[in-house]
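Numbering (our numbering), first residue to last: 128 to 193.
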């Protein structure tokens, strides 16, 4: 994996973890719960997209020997 792929993978993992933490958090008013669910879902989706994209790119340009 190139450094750029590792960076994308790391950012994806961080976003995925933050999204999961936001979704699992409890308490607050009704508006706060809805806002937290929206933000958590968006962070999970971003993290998952970055992880899939980083893994997909490993086979495309990972080596100059080919």
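Even for Gly, the Cβ is constructed at its ideal location relative to N, Cα and C. This one's a predicted model, so the numbers in the text were calculated from it and none came from an experiment.
Inset, instruction - In the DSSP assignment, find the alpha helix (DSSP H) that holds residue 128 and state where it starts and stops. - result: In the chain shown, residue 128 corresponds to position 1, counting from 1. Note, residue 128: premise wrong, no alpha helix (DSSP H); not H, not E.
Inset, instruction - Report yes if the C-beta distance between residue 138 and residue 182 is below 9 angstroms; otherwise report no. - result: Reading the chain shown from its first residue, position 11 is the one you call residue 138. Reading the chain shown from its first residue, position 55 is the one you call residue 182. The answer is no: Cβ separation not under 9 angstroms.
Legend entry - Alpha-carbon spacing of residue 140 relative to residue 177, whole angstroms: In the chain shown, the residue the question calls residue 140 occupies position 13. In the chain shown, the residue the question calls residue 177 occupies position 50. In a straight line, the C-alpha of residue 140 is about 8 angstroms away from that of residue 177.
Legend entry - Expected contact under 8 angstroms - CB spacing of residue 205 and residue 146 to nearest Å: The structure shown does not extend to residue 205, since the chain is modelled only from 128 to 193, so the question has no answer here.
Inset, instruction - Determine the DSSP secondary structure at residue 163, reduced to helix, strand or coil. - result: Against the chain shown, residue 163 aligns to sequence position 36. Note: residue 163 maps to helix in three-state DSSP.
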